[in-house]
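Asks: The structure that follows is given in the form of structure tokens.
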Amino acid sequence: MNLEMILRIVVTGAAATLCMDGWALLLRRFCGITSLDYALPGRWILWMFKGKVIHRTIISTSPLTGEKLTGWIFHYVTGMAFAFIPLLLSGPQWINAPDFGTAAATGLLTLAAPFFIMQPALGFGLAASRTANPQKARLMSLLTHFVFGCGLYLSAVGLRSFTL
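By this note's numbering, the letter at position 30 of the sequence shown is numbered 30, and the numbering carries on one by one without gaps.
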């Protein structure tokens, strides 16, 4: 894997994450549906440095300075890291010849992170089981991660004609 390939993957991941954020903005503006406040994962990350990983709920945990910025950085770094998954599924040629199926599968595979790591650690239960409306939370996560997969595909296709 050369530097250009790594840069393509990182840019693809950032662009796919931006697609997720655009989706969240559309949902908020036109449907009144709010998405995750990225200050909360930022709070989670910052509390890890103080030795606390699992929270009763992250909402009831005291806020820390810099949590919003930390959360947004974490969100984009995670998206960039997840952009390597299509290469694991289809091989390194995926970045130059992306296919929608692999990208969509990647979006769905990335659901494991919020369902089995983040939501339980933030105190929202396994796959949002301790939220007010677990089914809605799961559906919104599913749709959002599918949009991430679509963003991976579209950005990889768009990057094919550029030399980095």
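Even for Gly, the Cβ is constructed at its ideal location relative to N, Cα and C.
Computed from a predicted structure; not experimentally measured.
1. Could you tell me which of HIS145, GLY158, GLY149 sits nearest to GLY35, measuring between CA atoms?
2. Apply the 10 Å Cβ neighbour rule to PRO114 and answer buried if 16 or more other Cβ atoms are within range, or exposed otherwise.
3. Under 7 Å between C-beta atoms, does PHE49 make it to chain C?
4. Taking the alpha-carbon of TRP23 as reference, which of PHE74, SER62, SER141 has the nearest alpha-carbon?
5. Can TYR153 and ALA103 be called in contact, C-beta distance under 7 Å?
6. Can you tell me which of LEU3, ILE59, ARG8 puts its alpha carbon nearest to the alpha carbon of ARG130?
7. Just to confirm the assignment: which complete alpha helix (DSSP H) runs, minimum length 4, are found wholly within the region 50-133?
8. Determine the direct distance from the alpha carbon of PRO86 to that of ALA137, and round the result to whole angstroms.
Replies: Looking at the atomic coordinates:
1. The amino acid at residue 35 is misidentified as Gly; the sequence shows Ser. Ranking HIS145, GLY158, GLY149 by CA distance to the CA of SER35 puts HIS145 first.
2. Buried, because 16 or more other Cβ atoms sit within 10 Å of the Cβ of PRO114.
3. In summary, chain C is missing from the structure at hand, where a single protein chain is found.
4. Measuring from the Cα of TRP23, the nearest candidate turns out to be SER141.
5. For TYR153 and ALA103, yes; Cβs fall inside 7 Å.
6. Closest by C-alpha distance to ARG130, out of LEU3, ILE59, ARG8, is ILE59.
7. The qualifying runs are 67-82, 85-90, 100-109.
8. ALA137 and PRO86 have their alpha carbons spaced roughly 25 Å apart.
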